[in-house]
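Heads up: the sequence shown begins at 7 in the numbering used here, then just goes up one per residue. Ideal placement from N, C-alpha and C gives every residue a C-beta, glycine not left out.
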Amino acid sequence: MKITGTGACPGIVIAPVLRLQQLPAFSLEKRDSQTPRELLAATVNNAVLSLRASLKESIQVLYARGETVKGEVLESHLALLEDPALIEAVQGHVAEGYALESAIQRSIDSFCRQLQRSGSSYIAQRTADLKDLGNRLTCAVLGIEYPSLSLLSQDVILVAQDIPPSVLAGASPAYIRGIATAEGGSTSHTAIIAGSMGVPCVVGCGAALSALQNGEELFLDGVTGALEWGFDAQRRERLVYYQNRQDLKRSLLRSMAERPTRTRDGTPVELSANLSDLSGLEQIRDCRADGVGLYRTEFLFLGRDTCPGEEEQFQEYRQAVQAMEGKPLVFRTLDVGGDKNVPFFNLQREENPFLGYRAVRLYSDFEGIFLAQLRAILRAGAFGPVSVMFPMISSVEEFLRTKKLFDRTKKELRRRDIPFGEEIPVGAMVEVPSAAINADALIRHADFFSIGTNDLTQYTLAVDRMNHSVANLYSYFDPAVLRLIFHTIRIAGEWEKPCSVCGEMAADGLAIPLLLGMGLRKFSVSPWSLLRVRKLVSLCDVQECEALARRVLQLPGTEDILVELNCSLPRGYAEWLR
Ligand code: PEP
Ligand code: MG
């Protein structure tokens, strides 16, 4: 069986599964009429005292072991437990006649709702900590042993619906080889802790994960999010071989963090990272990316019931800009619609969502939301070098209309005396064929181009990038796609304006020599691929790449192009392709 979740921490592992049981579900309406209220109140107080003591002890142990990230998570639990409002709420529900576990769950639920209303996705993610604390407290009052991983004695991949952060924090990393959860996002504490433990992690796997049996051997790839189980001995051998190779390569690649990105002949290349939320910033810094080439801002709008306001966006964006410490960051404005549905936009179901009401096409109908985002971006631009680009631009008029809103926002901020970045370049994403074909008209108005090869490929070939049935037809090595990319790079070059590629193609080893040969000097890739891309670039010679591009651009079909690319790999390159 093979499934795919969200890769949240890189690495490949094969190990037996240890399923973590969830706590029993408690009815919130259950009432307890037998036990005197005073006794129940005393039980809560005793449970709180003993839980505090055990948390303090665990925190001390963790700090003594140098496991500060885990220690900090438990400290945040302790702080929640020391908040008198929480315990007062529990005691209040007990006084109303609720059973202990119901009283705790009711209080935790109401605190979670308050956090979620705060609007910040980061704060809202902390509801996981609150729920976790609620479970601990429930166990303490009921005398149930809280799931503990401290007694592990063999390598395991933890599999669960969701793993409470404190359970993970208390675990000894020695035996935890991987983590797979049905729920969870990349900024959940579980993923943060997995990262600090260096444990490969896949989150958001969904219901399919429940088919996995305890003790069954699981293959987990924390980069691609792939999970596989139920394999025979022959398949296992292949997966083990793949794992060993990847482990070795990953450790060798670490040295690339110290190096600038240059080709073999010394040509400098700008290598930036793609960012979806703040949790990616640490890795971006660690691998010394030259900047953020694509900040997919819509991720702050997904998976929630209310629209983030200007202030919340500003705080997020400013944090991102400041974390880059003077390195450039490119904001891509809201790209919702298509496969990214946002409930509070109330978008109608469409027959062809990718060809419909998407991205920049929504801005005039949702002007209030778009202008709030522009204000937040402009204000964040006062804290470091920032650019803005618009997604899915298909005509010059559309670009000019959108840019007008941007200029209007600047005027408004100026009038209100609000500080913002005055000199923010405004670019166009080239991801619709019409924009690429008309690049020479578009470049007169845009400060830069960023080629979105993911969409450019689907629109050029009329192949839905989400549809498995036509996946074999989707290839950015199709000659028509390559010609559009080359044309766009060439036009930007003639106008001496920057042009980058920020789609997945930029991290594809087979594409890198070709893109360099077409004149591309700016790549933006996922942080996890960045060191590998730096390595691959270092093996390329620009003159050889240019000759390769000339040959490839003459070829009539994808098959021929793939053969040519595979036969022309630079020396020592094949090793690092994947
Ligand atoms: C692209 O289309 O290549 C791109 C980078 O944007 P997204 O994948 O977010 O659509
Ligand atoms: Mg796109």
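Environment of residue i [buried if 16+ CB atoms lie within 10 Å]
i    : result
Y301 : buried
K541 : buried
E264 : exposed
V573 : What sits at residue 573 in the sequence shown is Cys, not Val. Answer is exposed; the Cβ neighbour count stays below 16.
P274 : exposed
L361 : exposed
P349 : exposed
G374 : exposed
G103 : exposed
D461 : buried
S456 : buried
A517 : buried
Cβ shell of residue i (< 7 angstroms), same chain only, five flanking positions each side left out
i    : result
L568 : F483
I114 : L136, K137, G140
F320 : A382, R385, A386
R538 : L259, W582
I430 : L384, G387, V392, S393, V394
A441 : I399, S400, A434, L448
M262 : L537, R540, K541
Reference residue i, options the options, closest by Cα
i    : options                : result
L448 : R471, L411, I399       : I399
I199 : K76, K137, L218        : K76
G236 : A101, L92, G221        : G221
R496 : M395, A517, G523       : G523
G204 : A213, A214, G184, A188 : G184
V394 : V100, E428, Q252, E78  : E428
K503 : A517, L245, K528       : K528
L26  : L215, P266, K8, Q66    : L215
A498 : P533, L488, A445       : A445
G390 : Y363, K410, E357, P334 : P334
A146 : E107, V165, Q219, Q160 : E107
E418 : L377, I457, A555, T10  : L377
A588 : G509, L218, R256, S285 : There is no way to answer for residue 588, as the model of the chain reaches only from 7 to 584.
T10  : G231, R557, T494, L536 : G231
L559 : V487, C508, C505       : V487
C-alpha distance - residue i paired with residue j, whole-angstrom precision
i    : j    : result
F305 : L46  : 44 angstroms
G72  : E63  : 14 angstroms
L526 : D138 : 48 angstroms
A329 : Y323 : 10 angstroms
F307 : G344 : 14 angstroms
T466 : N352 : 29 angstroms
C293 : E276 : 13 angstroms
I163 : L226 : 9 angstroms
F492 : P170 : 49 angstroms
V469 : P562 : 19 angstroms
N347 : D311 : 11 angstroms
T187 : C551 : 43 angstroms
E243 : V436 : 43 angstroms
L233 : E510 : 21 angstroms
N51  : E44  : 11 angstroms
A31  : F396 : Note that A31 scores 49 on pLDDT, short of 50, meaning its location in the model is unreliable and no value can be drawn from it.
V476 : E565 : 17 angstroms
F454 : V507 : 11 angstroms
K416 : K409 : 11 angstroms
I182 : P42  : 44 angstroms
Beta-carbon contacts of residue i that lie in its chain and below 6 angstroms, excluding the five residues immediately before and after
i    : result
A452 : G433, A434
G515 : L542, L583
C15  : A200, G201, P206, C207, G228
Y579 : L545
I648 : Since the first residue of the chain shown is 7 and the last is 584, residue 648 is not available in this structure.
W534 : P16, V229
V531 : A512, A513, V539
T49  : V147
E223 : P22
V100 : L46, A47, A109
S33  : No answer about S33 holds up, because its pLDDT of 48 lies below 50 and its placement is not dependable.
Same chain, Cβ closer than 8 angstroms to residue i, neighbours up to 5 away in sequence not counted
i    : result
S4   : Because the chain spans 7 through 584 in this model, residue 4 falls outside it and cannot be assessed.
E189 : Q167, D168, V209, G210
D271 : D547, V548, Q549
Y247 : none
L479 : L467, V469
E356 : G362, Y363
L554 : P519, L520, G523, E570, L571, S574
D253 : G17, I18
With three or more C-beta pairs closer than 8 angstroms as the rule, is the segment 392-410 touching the segment 363-374?
yes
Evaluate the contact criterion for the segment 316-330 versus the segment 378-385: three or more CB pairs, one atom per stretch, below 8 angstroms.
Result yes; three or more Cβ-Cβ pairs closer than 8 angstroms.
Three Cβ pairs or more, each shorter than 8 angstroms: is that satisfied between the segment 132-151 and the segment 86-93?
yes
Below 8 angstroms, how does it come out for the segment 293-300 and the segment 266-280: are there three or more Cβ pairs, yes or no?
yes
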